[in-house]
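Peer 1: With our numbering as the guide, the letters of the sequence shown map in order to residues 519 to 949.
Ideal Cβ placement from N, Cα and C applies to all residues, glycine included.
Take a look at this one; I'll ask things after.
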Amino acid sequence: MDVFKVSGNGPLNGEIAVGGAKNAALPILAATLLTEETVTLKNVPDLSDMRFMTEILRHVGAETVQPEPGTWEITAKKLTHVAPYELVRKMRASVCLLGPLVARMRKAEVSIPGGCVIGPRPIDLHIKGLKKLSCEVEISNGYVHVDASNIKGGPIFLGGRSGSTVTGTANIVMAAVLAPGTTRLECAACEPEVVDLCNLLVKMGAKIEGIGSPELTITGVEKLHGAEHSVIADRIEAGTFVVAGAITRGDVTVKGIAPSLLGAFLDKLEEAGLPMELGEDYIRVLPYEGSLKPVDVITLPHPGYPTDLQAQLGALMTQTEGLSIITERIYPNRFMHVPELQRMGADIAIEGPSAIIKGASKLSGAPVMASDLRASAALILAAFAATGDTWIQRIYHLDRGYERFEQKLTAIGAKIERLKDTDMPKELLEE
Ligand code: EPZ
519 MDVFKVSGNG PLNGEIAVGG AKNAALPILA ATLLTEETVT LKNVPDLSDM RFMTEILRHV
579 GAETVQPEPG TWEITAKKLT HVAPYELVRK MRASVCLLGP LVARMRKAEV SIPGGCVIGP
639 RPIDLHIKGL KKLSCEVEIS NGYVHVDASN IKGGPIFLGG RSGSTVTGTA NIVMAAVLAP
699 GTTRLECAAC EPEVVDLCNL LVKMGAKIEG IGSPELTITG VEKLHGAEHS VIADRIEAGT
759 FVVAGAITRG DVTVKGIAPS LLGAFLDKLE EAGLPMELGE DYIRVLPYEG SLKPVDVITL
819 PHPGYPTDLQ AQLGALMTQT EGLSIITERI YPNRFMHVPE LQRMGADIAI EGPSAIIKGA
879 SKLSGAPVMA SDLRASAALI LAAFAATGDT WIQRIYHLDR GYERFEQKLT AIGAKIERLK
939 DTDMPKELLE E
C-alpha cells in the first residue's frame with residue numbers, strides 16, 4: 519500500500535496548475551450515454567474515479583477511446599440497462615448512470631451505492647425525482663429498478679433536509695432531457711459542476727433554461743447528438759492548493775481557475791486576513807507575518823461554503839490564533855480527519871455538527887490515517903506546517919480526487935514522497 523511521507527518545511531513558492539473537475543467529469547461521462555453519436559471530452563482528470571466510470575460505461579456497452587491523456591471519445595451505440603453491484607460499489611457517483619439509462623433505454627437497473635466514511639449517502643431524492651417523471655421505481659436486492667416506459671416531464675421539488683442534491687440534480691436533468699413534455703425542477707443544485715453538465719447537454723441539443731439557478735426548465739427532445747466539451751477546472755483542487763500556500767505562509771499562484779468559482783471560500787479567507795491577488799484565471803496567495811484571524815463558517819450547498827473544502831480550512835485554522843468554529847451542515851460526521859489532526863497536536867473539540875478549533879497549535883509529525891478524499895488532503899496540509907515527518911497511510915483515498923498531487927506540490931517546494939507502508943520506520947508500525 520502506498521503511503522506519503524511528508525516533512526514539515528518552509529514556505530511553498532511558485533505556480534501550480536489546476537486540472538479538470540472530478541465532480542463535473544463524473545456526471546458528464548455518464549451523460550455521453552444519452553446519444554449514439556460520439557461525445558469528445560477534454561480536460562478529464564486522470565484519476566481512479568475516472569477509470570472506474572469509464573469501466574462502467576464500457577460495461578453498459580459504450581465504446582471508449584482515449585486518443586491522448588485528458589481526452590476521451592465516448593460512443594454509446596448499443597446499451598444494456600444494468601449497472602452491476604460489483605462496479606457501482608467501487609464508486610457511489612456511478613449512481614449518475616440512472617438518469618441517462620432511464621432516458622435512453624426507458625428502463626434501468628442500477629445497484630444502490632454504498633455509504634462512505636463521511637456518512638450515509640441516500641438516494642431518496644433521486645428516486646423521488648424519477649417518480650415525479652412518471653417512472654415506476656422499485657428497490658429490491660440492492661438495486662433500483664426503473665420502468666420509464668411512461669416517462670413524461672412534470673413539476674419536481676428536489677430539495678431534501680440538507681437542501682439541494684448535486685448528483686440528484688444531475689440524474690433528474692439527464693432523465694428529463696429526453697422525456698416528452700416540460701419539467702420544472704425546483705431546488706436544483708447550482709454547483710459549477712452541475713452548470714458544466716447542463717452546458718454540455720445544451721451542446722448536445724437539450725433544451726434547458728435557468729442553468730446555474732435553483733429553478734431549471736427542461737423541455738424534452740427526441741434525440742441528442744454528439745458534441746465536444748472541455749471539463750471545467752476543479753475548484754476543490756484549487757482551494758486545496760490555496761490552503762497549501764496559506765498554511766506554509768508561501769507565495770503560491772494557483773493557475774487555471776476563475777476565482778468566481780470559489781466565492782464563499784475566498785470570502786472566508788479574506789475575512790481571515792489572508793493576502794491574495796485574484797486574476798481572471800488565477801489565485802495568488804501572498805506571504806504574511808503574524809497570525810490570520812479565526813473564522814466561523816457553516817458548510818452549505820453552492821453558493822454557500824463548500825463541504826469539500828471544510829477539512830482543508832480546518833487544517834489552516836489549527837495554525838490560526840483564537841477560536842474557529844466550523845459547522846458541517848451537509849455531512850454531519852465529516853470530521854474523520856479531526857482525531858488524526860489531534861494526533862499531530864491540534865486542539866479541536868467536536869460539538870455536534872461543529873468543530874471548535876483552538877489555534878495556534880504546534881503540530882508535530884506522526885503516523886496518521888487518511889479516511890476520505892478531502893480528509894487526506896487536510897492531513898497533508900497540516901503536515902506541511904508540522905515539525906518532523908508525517909506518514910499518511912491509505913492515500914488511495916487521495917488518488918481518487920487529486921491528479922499527480924505529490925508531483926504538483928513537490929514542484930513548488932513541498933517535501934512529499936510516495937513510498938510503501940513497508941518503508942515506514944518499524945517503531946511507527948508497532949504503534
Ligand atoms: C456530490 O455528492 C459530490 N460528489 C461530493 O463530493 C460533495 O461533497 C457533495 O456533492 C456535496 O457538495 C460528486 O459530485 C461525485 P448530495 P452527492 O446529493 O451528489 C443528502 C468529494 O469529496 N441527500 O449533494 O452525493 C445527502 O445525504 C465528494 O469530491 C439526501 O438526503 O451529494 C447530503 O446530506 C464527497 N437524499 C446532502 O443531501 C438524496 O437523495 C447533499 O448530498 C441525496 C442527497
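(1) With I736 and V691 assumed to form a contact (beta carbons below 8 Å), what rounded beta-carbon distance in angstroms separates them?
(2) Assuming Q837 and G877 are in contact, meaning their beta carbons sit under 8 Å apart, how far apart are those beta carbons, in whole angstroms?
(3) At a cut-off of 7 Å, is H644 close to the ligand EPZ when judged by its beta-carbon and the heavy atoms of the ligand?
(4) How close, in whole Å, do the beta carbons of T550 and L575 come, if the pair is a contact with beta carbons under 8 Å?
(5) Quick check: the segment 884-891 against the segment 911-922, are at least 3 beta-carbon pairs closer than 8 Å?
(6) When the Cα atoms are used, what is the spatial distance from T960 to C653?
(7) On the DSSP letters alone, give me the boundaries of the beta strand (DSSP E) that I816 sits inside.
(8) Quick one: what's F675 bridged to in DSSP?
(9) Indicate, with yes or no, if the ligand EPZ has a heavy atom lying under 7 Å from the CB of E533.
(10) Is V749 helix, strand or coil when you go by DSSP?
(11) Among G797, P805, A782, which has the Cα closest to the Cα of V813?
(12) Measuring only between beta-carbons, confirm whether A932 sits less than 8 Å from chain B.
(13) By Cβ distance, which residues of its chain are closer than 6 Å to V760, with the 5 residues on each side in sequence left out?
(14) For L643, count the other beta carbons within 10 Å of its own beta carbon; 16 or more makes it buried, fewer makes it exposed. Which is it?
(15) Quick one, are the C-beta atoms of T553 and G699 less than 8 Å apart?
(16) Could you tell me the alpha carbon to alpha carbon distance between G677 and A697, rounded to whole angstroms?
(17) Can you look up D907 in the DSSP assignment and give me helix, strand or coil?
(18) Given that a residue counts as buried once 16 or more other Cβ atoms are within 10 Å of its Cβ, and exposed if not, what is S842?
(19) Would DSSP call K926 helix, strand or coil?
(20) Give the straight-line distance between the Cα atoms of V521 and K625, rounded to the nearest whole angstrom.
(21) Determine whether the beta carbon atoms of D826 and R922 lie at a separation below 8 Å.
(22) Reducing DSSP to helix, strand and coil, say where M794 ends up.
(23) Out of curiosity, what's the CA-to-CA distance linking A706 and D941?
(24) Given that a residue counts as buried once 16 or more other Cβ atoms are within 10 Å of its Cβ, and exposed if not, what is K938?
(25) Taking DSSP's pairing of strands, which residues face V521 in a bridge?
(26) Is the beta carbon of L597 sitting closer than 8 Å to the one on R569?
Peer 2: With the structure as the only source:
(1) Contact between I736 and V691 holds: CB atoms are separated by about 6 Å, below the 8 Å threshold.
(2) At roughly 6 Å, the Cβ-Cβ gap stays under 8 Å, so Q837 and G877 are in contact.
(3) Because some heavy atom of the ligand EPZ lies under 7 Å away, the Cβ of H644 counts as near it: yes.
(4) The pair is a contact, with the Cβ atoms about 7 Å apart (cut-off 8 Å).
(5) A contact exists between the segment 911-922 and the segment 884-891.
(6) The chain is shown only over 519 to 949; residue 960 falls outside these bounds and no answer can be derived.
(7) For I816, the enclosing beta strand (DSSP E) has its first and last residue at 814-816.
(8) Its beta-bridge partners are E704.
(9) Incorrect: E533 has no Cβ contact closer than 7 Å to the ligand EPZ.
(10) In the structure shown, V749 sits in coil (DSSP, three-state: anything other than H, G, I, E or B).
(11) V813 has its Cα closest to that of A782, out of G797, P805, A782.
(12) In the displayed structure, chain B is absent; only one protein chain is listed.
(13) Apart from the 5 residues on each side of it in sequence, V760 sits with its Cβ closer than 6 Å to the Cβ of V772, I801, V803 in its chain, given in chain order.
(14) So L643 ends up on the buried side.
(15) No.
(16) The straight-line gap from Cα to Cα measures roughly 21 Å.
(17) In the three-state reduction of the DSSP assignment, D907 falls in the strand class.
(18) Flag for S842 reads buried.
(19) Three-state DSSP puts K926 in a helix.
(20) Their Cα atoms are separated by approximately 43 Å.
(21) Their beta carbons are not under 8 Å apart, which means D826 does not touch R922 by this criterion.
(22) Looking at M794 - three-state DSSP - the assignment turns out to be strand.
(23) Cα atoms of A706 and D941: separation of roughly 48 Å, rounded to the nearest angstrom.
(24) K938 should be labelled exposed.
(25) In the DSSP output, where bridge partners are listed per residue, V521 has L937.
(26) Between L597 and R569, the gap from beta carbon to beta carbon reaches 8 Å or more.
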